[in-house]
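>
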Amino acid sequence: MPPDLVQQLTNVLHQVSGYIYPNEVELQWGLLVVVYPYITGLVAGAFILASLERVFSVKEVEPTYRLALLTALAFLLVAPLPLLLHLGHPERSFEIFLTPNVHSAMAMFGFVYAWYLAVVLQVEIWFDYRKDLVLWARNERGLRKWIHLILTLGATDISEQAVEFDRKAVRFITIIGIPSAFLLHGYVGFIFGSVKANPWWSSVLIPVVFLFSAMVSGIALVLMLYLLTGLVRRSLEMTCLDKLASFLFYALVVDFSLEILDFIHRLYEAEESIKILGTMISTRLFLSLVVLQALAGTVVPLICLAFVSPAFGKRALVRFPEELRRLLYLGSALLIQIGIFSTRWNVVIGGQLFSKSLRGLTVYKMELLGLEGFFVSVLLLAAPFFLLYILVKILPPWKEVPTTAVPEEAAGD
Amino acid sequence: MSSEANRAPNEPESQPGVSQDRREFLKQCVAAAPLLLAILPVAEVAAASTPDSSYKPEEHYYGMGIDVNKCIGCGRCADACKTENNVPREPFYFRTWVERYVLTTEGETVVTSPDGGIEGFPPSISEKGILRTFFVPKLCNHCANPPCVQVCPVGATFITRDGVVLVDKDYCIGCRYCIQACPYGARFLHPITHTAEKCTFCYHRVVQGKVPACVEVCPTGARIFGDVKARSSPLARFTRFNEIQVLKPQLNTEPKVYYANLDGEVR
Amino acid sequence: MVGTLIGARHYLVPKTFGALGHYRAAAIEANAAKPLVYAGHEACEMCHPDIVKTHDNAHHRNVACEVCHGAQAAHVESPGDHKPPAPRQRTFCPLCHAYDASRPTGFPQIDPVSHNPGRPCISCHNPHAPVPPHTPQECSACHGEIARTKALSQHAAIPCTTCHKVEERHKISPLSSTPSKPQTRDFCGQCHSKDAKAASDIARVDMSTHGERYVCWQCHYAHSPEAQ
Chain A
219 MPPDLVQQLT
229 NVLHQVSGYI
239 YPNEVELQWG
249 LLVVVYPYIT
259 GLVAGAFILA
269 SLERVFSVKE
279 VEPTYRLALL
289 TALAFLLVAP
299 LPLLLHLGHP
309 ERSFEIFLTP
319 NVHSAMAMFG
329 FVYAWYLAVV
339 LQVEIWFDYR
349 KDLVLWARNE
359 RGLRKWIHLI
369 LTLGATDISE
379 QAVEFDRKAV
389 RFITIIGIPS
399 AFLLHGYVGF
409 IFGSVKANPW
419 WSSVLIPVVF
429 LFSAMVSGIA
439 LVLMLYLLTG
449 LVRRSLEMTC
459 LDKLASFLFY
469 ALVVDFSLEI
479 LDFIHRLYEA
489 EESIKILGTM
499 ISTRLFLSLV
509 VLQALAGTVV
519 PLICLAFVSP
529 AFGKRALVRF
539 PEELRRLLYL
549 GSALLIQIGI
559 FSTRWNVVIG
569 GQLFSKSLRG
579 LTVYKMELLG
589 LEGFFVSVLL
599 LAAPFFLLYI
609 LVKILPPWKE
619 VPTTAVPEEA
629 AGD
Chain B
3 MSSEANRAPN
13 EPESQPGVSQ
23 DRREFLKQCV
33 AAAPLLLAIL
43 PVAEVAAAST
53 PDSSYKPEEH
63 YYGMGIDVNK
73 CIGCGRCADA
83 CKTENNVPRE
93 PFYFRTWVER
103 YVLTTEGETV
113 VTSPDGGIEG
123 FPPSISEKGI
133 LRTFFVPKLC
143 NHCANPPCVQ
153 VCPVGATFIT
163 RDGVVLVDKD
173 YCIGCRYCIQ
183 ACPYGARFLH
193 PITHTAEKCT
203 FCYHRVVQGK
213 VPACVEVCPT
223 GARIFGDVKA
233 RSSPLARFTR
243 FNEIQVLKPQ
253 LNTEPKVYYA
263 NLDGEVR
Chain C
5 MVGTLIGARH
15 YLVPKTFGAL
25 GHYRAAAIEA
35 NAAKPLVYAG
45 HEACEMCHPD
55 IVKTHDNAHH
65 RNVACEVCHG
75 AQAAHVESPG
85 DHKPPAPRQR
95 TFCPLCHAYD
105 ASRPTGFPQI
115 DPVSHNPGRP
125 CISCHNPHAP
135 VPPHTPQECS
145 ACHGEIARTK
155 ALSQHAAIPC
165 TTCHKVEERH
175 KISPLSSTPS
185 KPQTRDFCGQ
195 CHSKDAKAAS
205 DIARVDMSTH
215 GERYVCWQCH
225 YAHSPEAQ
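Residue numbers (the working numbering), protein chains in the order written: chain A, 219 to 631; chain B, 3 to 269; chain C, 5 to 232.
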């Protein structure tokens with residue numbers, strides 16, 4: 219029995235208030251399981267934003283289309299890592315593919331993930347970039363040429379009909395992709411929402427709340443990335459940014475409404491669990507729920523975006539100069555990220571802080587080192603950005619290709 | 003990227019045909035749909051092995067009865083369980099434990115379980131203001147409709163034909179979903195094997211006709227083990243003569259641990 | 005490629021999976037094959053018939069041998085190599101017999117501090133036939149909490165037997181003959197009715213109007229009648 223685990227659990231035992239079942243001293247799902255839904259949420263959200271442009275023809279956000287897809291891909295590739303690190307036996311994780319229990323929501327992870335990665339995201343990216351890959355491969359030299367040539371998979375016909383087929387394929391896949399994105403993050407919500415043993419989790423609304431908070435975080439992420447990369451490359455389009463902020467606002471309104479609905483419903487029905495849950499919110503979860511999730515993460519950005527972005531029409535309620543607007547957008551998006559991460563924290567950790575006997579509360583002591591520690595999670599959250607950097611270098615999402623100067627360059631649509 | 007796997011190895015570079023490549027590509031995708039069938043579980047028929055050929059699991063369906071009025075909170079059961087099943091002795095891992103309830107005249111309910119009740123309970127300081135007080139042993143309820151079995155992603159926990167919910171520790175991946183799904187707090191993750199663990203009704207004793215260790219050592223006969231469906235067994239008599247409650251009936255887990263004289267304050 | 009996947013599944017899925025349900029049937033064997041640590045009380049009779057006979061006819065008949073002597077499957081396996089411990093210190097018996105408010109009334113309980121201090125329990129009680137060295141005389145020996153409550157009440161001076169008729173047998177085998185309890189209001193009325201022939205400082209009530217639908221003890225706890 220590892221001594222530091224004993225020490226850690228003994229410390230937790232001394233901080234228990236009320237009565238918890240003896241086996242509940244150890245929290246089962248920790249920081250890694252908070253990071254996973256956060257990452258898949260970003261994936262789903264970024265993809266939905268991309269689909270806005272393709273399927274609903276929101277032309278203003280077109281500059282973010284490819285960026286959103288690459289962001290989704292970068293985060294999706296990192297997504298299984300927190301799960302693998304969390305398992306007691308990651309070397310047996312393939313069993314989910316061999317003998318999935320069809321009654322278990324968690325068993326669906328492997329298939330939904332594989333479907334989304336292979337069929338939706340990769341295929342859509344391939345079809346969208348194919349023409350450019352062919353053109354780049356023709357005009358480049360050296361390693362870049364070979365990378366791009368391999369990525370074309372040999373399909374180098376860029377006649378008008380071929381390109382038209384690409385466009386239709388992208389549209390088709392995006393249409394399939396929207397419910398797939400819903401499934402990718404919705405099933406995570408269902409993993410929690412279907413646990414009847416846990417009154418904090420067991421709710422019809424959790425999958426929906428997860429989905430909308432995912433959309434909020436995804437749009438906010440793409441907004442931040444677009445803003446920062448646009449500033450660096452000096453090619454920021456304010457109309458695009460304003461439109462992104464408007465959509466962020468709309469998604470935030472729906473998300474906020476759903477969470478308020480859940481809250482009101484819980485308070486109104488006042489089931490047996492209300493006492494311990496109320497105590498939990500006012501003691502253990504006060505900072506992460508009331509301050510970070512509700513106030514800083516939702517209410518403040520909501521008010522800010524309501525006034526600054528042109529959400530209610532062509533003009534914003536208050537006209538801010540561009541630089542200030544950018545700053546406010548960035549600030550709002552950052553607060554939203556913190557807020558959505560807190561949402562995941564409050565659901566996952568919050569659901570385990572109170573005892574199923576409804577008579578006591580325990581504590582979660584986050585480690586710094588170790589696989590479930592703070593630093594590993596920071597690494598996991600930072601890794602997709604490095605991946606994204608590589609992806610952007612290989613598959614530039616911008617209209618102009620920054621590296622090789624090519625005469626008959628026709629990248630972008 | 004796995005999309006490469008979908009492509010035929012000898013697809014021509016470019017074709018005069020209009021969208022031949024794209025059509026081929028999509029055909030590959032459609033052809034790959036049977037992939038899903040390959041992944042769906044295929045039952046493999048193999049001879050089921052039984053530990054001892056004279057033990058017939060289909061003749062039994064086990065449950066346990068607990069008479070709350072008889073429990074004296076001595077903790078011998080919790081101690082014997084850890085001894086019999088080699089459970090870590092630290093106070094965070096219990097296959098069974100005893101809770102003490104003290105209901106005061108002011109309407110407060112205080113529940114304690116120091117180290118699961120293994121060394122007994124400290125005497126309550128004052129008898130004043132006690133309305134009711136009693137001990138309640140707890141363990142895995144070996145539900146007939148177990149939520150833990152429902153959520154296991156790989157099939158590492160299951161209910162046997164004789165009604166015992168077991169864990170396959172060589173197959174468990176340690177995802178901890180079953181521990182979350184159990185409404186009774188009966189499961190834990192073993193700190194050394196990193197697999198889920200819980201009360202097994204001492205299955206290794208039961209198949210030899212013995213009773214679980216906790217039942218063996220209970221000095222007052224508060225725990226009764228037997229066949230739920232048998233007409234003549236101590237458990238049958240117990241369920242005949244007592245008004246039976248189960249824990250958290252509203253969750254419809256159909257527990258097979260039947261409590262007699264269970265107070266309404268018990269969760 | 006579909007073929008390789010099906011082939012891979014054939015090799016990777018464990019052989020016994022799915023035979024009895026969505027699990028590895030071999031896991032049943034794995035669970036059933038664990039070694040015994042407790043032998044079970046039936047294993048003791050073969051070698052220790054006399055002790056078992058004594059034990060099975062006495063108060064500890066439901067207390068299995070291994071409760072006190074520890075898990076002894078190893079001793080059954082090779083008796084010479086593993087000698088079962090026999091707890092002789094005073095700290096052991098109070099695990100069950102120390103007084104605790106949560107223990108059922110009537111279960112034999114003592115105060116380990118004041119009950120024959122210093123001497124091991126087994127000096128007076130044979131653990132295989134733990135009859136007390138002499139029959140308890142006072143009701144308070146087993147019904148401590150009730151006695152302590154009553155001692156602080158207005159009924160302190162009333163002997164238990166005034167209200168509860170009990171046979172001597174009850175002190176030896178409590179469940180075989182339980183004490184009686186008063187059945188009617190008139191019983192309490194013997195002291196408490198307006199015209200009762202009793203001490204003048206006893207509280208009197210008009211029996212025809214005071215709580216006439218109930219028996220007295222539905223409101224008044226007889227062992228502490230003044231309590232609200």
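Glycine included, each C-beta is placed from N, C-alpha and C at the ideal position.
#1: Do you know whose CA, among C:C100, C:S118, C:P140, lies nearest B:G119's CA?
#2: Please list, in chain order, the chain B residues whose beta carbon lies closer than 9 Å to that of C:P108.
#3: Do A:L523 and A:A469 count as a contact pair if the criterion is CB distance below 7 Å?
#4: Consult DSSP for C:A226 and reduce its assignment to one of helix, strand or coil.
#5: Between A:S421 and the rest of its own chain, which residues show a CB-CB distance below 7 Å, the 5 nearest in sequence each way excluded?
#6: Does the beta carbon of B:K258 come closer than 7 Å to any beta carbon on chain C?
#7: Could you tell me which of B:G165, B:E101, B:P149 sits nearest to B:T114, measuring between CA atoms?
#8: Hey, which unbroken runs of the beta strand (DSSP E) at 3 residues or more fall wholly within the stretch 542-619 of chain A?
#9: Leaving out five residues before and five after B:V219 in sequence, what residues of the same chain have Cβ atoms less than 7 Å from its Cβ?
#10: Please confirm whether C:C69 and C:C97 have their CB atoms less than 7 Å apart.
#11: With a Cβ-Cβ cutoff of 7 Å, do A:G259 and A:A488 count as a contact?
#12: For C:Y15, does the count of other Cβ atoms within 10 angstroms reach 16, so buried, or fall short, so exposed?
#13: With DSSP as the reference, label A:W418 as helix, strand or coil.
#14: Considering Cα atoms alone, identify which of C:G84, C:R152, C:P131 is closest to C:I55.
#15: So with Cβ pairs under 7 Å, would you call B:P90 a contact of chain C?
#16: Where does C:K201 sit, in a helix, a strand or coil, going by DSSP?
#17: What does a CB cutoff of less than 7 Å around B:V151 pick up in its chain, not counting 5 residues either side in sequence?
#18: Going by alpha carbons, who is nearest to A:V406 out of A:L423, A:L589, A:F390?
#19: Measure how close the beta-carbons of B:A198 and B:L191 come, nearest whole angstrom, since I'm counting them as under 8 Å.
#20: Quick check: A:P281 and A:E490, are their CB atoms within less than 7 Å of each other?
#21: Select from the stretch 560-587 of chain A all residues with a C-beta closer than 7 Å to any C-beta belonging to chain B, and list them in chain order.
#22: In angstroms with no decimal places, state the Cα-to-Cα distance between A:L587 and A:P220.
#23: Chain C partners of A:L371, CB-CB under 7 Å?
#24: Should B:F227 be labelled buried (16 or more other beta-carbon atoms within 10 Å of its own) or exposed?
#25: Since B:P149 meets chain A, which of its residues come closer than 9 Å, beta carbon to beta carbon?
#26: For A:L542 and A:E313, I'd like the C-alpha separation in whole angstroms.
#27: Using 10 angstroms around the beta-carbon of A:W247, count the other beta-carbons present and answer buried if the total reaches 16, otherwise exposed.
#28: Given a threshold of 16 other Cβ atoms within 10 Å of its Cβ, counted over all protein chains shown, does C:I206 qualify as buried or as exposed?
#29: B:Y64 lies in the alpha helix (DSSP H); which residues open and close that run?
#30: Can you give me the C-alpha to C-alpha distance between A:G395 and A:L369, rounded to a whole angstrom?
#31: Using CA atoms only, rank isn't needed, just tell me which of C:S157, C:G193, C:H129 is closest to C:H64.
#32: With H, G and I counted as helix, E and B as strand and the rest as coil, what does DSSP make of B:Y95?
#33: When the Cα atoms are used, what is the spatial distance from B:R242 to B:A146?
#34: Would you list the residues sitting across from C:A31 in a DSSP beta bridge?
#35: So, helix, strand or coil for B:F227, using DSSP?
#36: In the DSSP output, which residue or residues are listed as bridge partners for C:N130?
Taking the coordinates as given:
#1: Here residue 119 of chain B corresponds to residue number 117 of the second sequence, with the count starting at 1. Of C:C100, C:S118, C:P140, the residue nearest in Cα terms is C:C100.
#2: Against the third sequence, residue 108 of chain C aligns to sequence position 104. Using a Cβ-Cβ cut-off of 9 Å, C:P108 is close to N71, K72, C73, I74, F136, T222 of chain B, given in chain order.
#3: For the purposes of this step, residue 469 of chain A is taken as residue 251 along the first sequence, with counting starting at 1. For the purposes of this step, residue 523 of chain A is taken as residue 305 along the first sequence, with counting starting at 1. Not closer than 7 Å, so no.
#4: Indexing the third sequence from 1 puts residue 226 of chain C at position 222. Reduced to three states, the DSSP call for C:A226 is coil.
#5: In the first sequence, residue 421 of chain A corresponds to position 203, counting from 1. Around A:S421: G411, D480.
#6: Locating residue 258 of chain B in the second sequence gives position 256, where the first residue counts as 1. No, B:K258 lies away from the interface with chain C (no Cβ there is under 7 Å from its Cβ).
#7: By 1-based counting over the second sequence, the position of residue 114 of chain B is 112. When each option's Cα is compared against that of B:T114, the closest is B:E101.
#8: 577-579
#9: Within the second sequence, residue 219 of chain B is the residue found at index 217, counting from 1. Cβ neighbours of B:V219 beyond the five flanking positions: R78, C79, A82.
#10: Position 65 of the third sequence, counting from 1, holds the residue named residue 69 of chain C. Position 93 of the third sequence, counting from 1, holds the residue named residue 97 of chain C. Taking 7 Å as the Cβ cut-off, C:C69 and C:C97 do not qualify as a contacting pair.
#11: Along the first sequence, read from residue 1 onward, the residue named residue 259 of chain A stands at position 41. Along the first sequence, read from residue 1 onward, the residue named residue 488 of chain A stands at position 270. For A:G259 and A:A488, no; Cβs fall outside 7 Å.
#12: For the purposes of this step, residue 15 of chain C is identified with residue 11 of the third sequence, where counting begins at 1. Answer is exposed; the Cβ neighbour count stays below 16.
#13: In the first sequence, the residue the question calls residue 418 of chain A occupies position 200. In this structure, A:W418 counts as coil in the three-state DSSP scheme.
#14: For the purposes of this step, residue 55 of chain C is identified with residue 51 of the third sequence, where counting begins at 1. The shortest C-alpha separation from C:I55 is found at C:P131.
#15: For the purposes of this step, residue 90 of chain B is identified with residue 88 of the second sequence, where counting begins at 1. Cβ-Cβ to chain C under 7 Å: no for B:P90.
#16: Reading the third sequence from its first residue, position 197 is the one you call residue 201 of chain C. The answer is coil: DSSP assigns C:K201 none of H, G, I, E or B.
#17: The residue you call residue 151 of chain B lines up with position 149 of the second sequence. Contacts found: T159, F160, I161, V167.
#18: Indexing the first sequence from 1 puts residue 406 of chain A at position 188. It is A:L423.
#19: Here residue 198 of chain B corresponds to residue number 196 of the second sequence, with the count starting at 1. Here residue 191 of chain B corresponds to residue number 189 of the second sequence, with the count starting at 1. Right, their Cβ atoms sit about 6 Å apart.
#20: Position 63 of the first sequence, counted from the first residue, corresponds to residue 281 of chain A. Position 272 of the first sequence, counted from the first residue, corresponds to residue 490 of chain A. For A:P281 and A:E490, no; Cβs fall outside 7 Å.
#21: K574, S575, L576, R577
#22: Numbered from 1 along the first sequence, position 369 holds the residue referred to as residue 587 of chain A. Numbered from 1 along the first sequence, position 2 holds the residue referred to as residue 220 of chain A. If I take the Cα positions, the gap works out to 15 Å.
#23: Here residue 371 of chain A is taken as the residue at index 153 of the first sequence, counted from 1. Here the premise fails: no neighbours, minimum Cβ distance about 16 Å.
#24: Within the second sequence, numbered from 1, the residue matching residue 227 of chain B stands at position 225. The residue is buried, with at least 16 neighbouring Cβ atoms inside 10 Å.
#25: Position 147 of the second sequence, counted from the start, is the residue given in the question as residue 149 of chain B. Chain A residues near B:P149: V413, K414, A415.
#26: Reading the first sequence from its first residue, position 324 is the one you call residue 542 of chain A. Reading the first sequence from its first residue, position 95 is the one you call residue 313 of chain A. Using only the alpha carbons, I get a separation of about 52 Å.
#27: Counting from one through the first sequence, the residue named residue 247 of chain A turns up at place 29. By the 10 Å Cβ count, A:W247 comes out buried.
#28: By one-based count along the third sequence, residue 206 of chain C stands at place 202. When all chains shown are included, C:I206 counts as exposed.
#29: As a position in the second sequence, residue 64 of chain B is number 62, starting the count at 1. Taken as a continuous stretch (DSSP letters only), B:Y64 belongs to no alpha helix (DSSP H), being part of the beta strand (DSSP E) at 64-69.
#30: What you label residue 395 of chain A is simply residue 177 of the first sequence in a count that begins at 1. What you label residue 369 of chain A is simply residue 151 of the first sequence in a count that begins at 1. C-alpha separation (whole angstroms): 21 Å.
#31: Position 60 of the third sequence holds residue 64 of chain C. Comparing Cα-Cα distances from C:H64 to each of C:S157, C:G193, C:H129, the minimum goes to C:H129.
#32: Sequence index remark: in the second sequence, residue 95 of chain B carries index 93 (1-based). Coil.
#33: Residue numbering aside, residue 242 of chain B sits at position 240 when the second sequence is read from its first letter. Residue numbering aside, residue 146 of chain B sits at position 144 when the second sequence is read from its first letter. When rounded, the distance between both Cα atoms is 20 Å.
#34: If you number the third sequence from 1, residue 31 of chain C lands on position 27. According to DSSP, which records beta bridges pairwise, C:A31 is partnered with nothing at all.
#35: As a working note, residue 227 of chain B is residue 225 in the second sequence. It is a strand residue.
#36: The residue labelled residue 130 of chain C in the question sits at position 126 within the third sequence. C:N130 is bridged to C:A133.
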